[in-house]
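Residue numbers for the sequence shown follow our numbering, so the first one is 17 and each next one is one higher.
Where is the CB? At the ideal position from N, CA and C, for every residue including glycine.
This one's a predicted model, so the numbers in the text were calculated from it and none came from an experiment.
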Amino acid sequence: MYTYGSFVTDGTFTLLRPVISSFLLITVVLFVLVWLPKALQGFLNGFTVMAVALISIIISGQVIFFEAILADELGLGGGSGFWMFLVIVILGTVSPIIYFMRHREAGS
17 MYTYGSFVTD GTFTLLRPVI SSFLLITVVL FVLVWLPKAL QGFLNGFTVM AVALISIIIS
77 GQVIFFEAIL ADELGLGGGS GFWMFLVIVI LGTVSPIIYF MRHREAGS
């Protein structure tokens, strides 16, 4: 029915799932880097942590919004993208908090 069949899996819209998965991976890597001992965090600073977290949350939110519109217009079900977006929001919020708490303690 569709010209490109791999964006539908069992009646679920999955075309944008790799984009959300990529941002989930980026956010998990950021979270792990924030949890590393301070000696291994040489290339992280507050701006980098905040920028990566905000960009991941904003772009994945936009992707989820457009995925919902496309799935609705095509009459398909939504995928697991919403739950991945929630994990991105949680990790993207917790990572800067942990980073700044650890660096505030070290600075005091």
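Practice task
Name the residue from S37, S22, S38 whose alpha carbon lies nearest to the alpha carbon of L31.
Solution key: Ranking the options by Cα distance to L31, first place goes to S22.
Handout entry: alpha helix (DSSP H) runs contained entirely in the segment 57-108, provided each spans 4 or more residues
Key = Runs of the alpha helix (DSSP H) inside the segment 57-108: 62-90.
Handout entry: Straight-line Cα distance separating L60 from S72
Key = So the two alpha carbons sit approximately 16 Å from each other.
Exercise for the section: Go ahead and pull the three-state DSSP assignment for T30. Expected result: If DSSP states are grouped into helix, strand and coil, T30 belongs with coil.
Problem - L157 versus M66: straight-line alpha-carbon distance, rounded - result: Any property of residue 157 remains undetermined from this structure, which presents the chain solely from 17 to 124.
Practice task
Quickly, what does DSSP pair V45 with across the bridge? List them, please.
Solution key: Answer is none; V45 lacks a bridge partner.
Handout entry: Identity of the residues DSSP links to V24 by a beta bridge
Key = Beta bridge pairing from DSSP links V24 with F29.
Handout entry: Residue closest to Y115, alpha-carbon to alpha-carbon, out of T25, M100, S38, T64
Key = Distances from the alpha-carbon of Y115 to those of T25, M100, S38, T64 put T64 closest.
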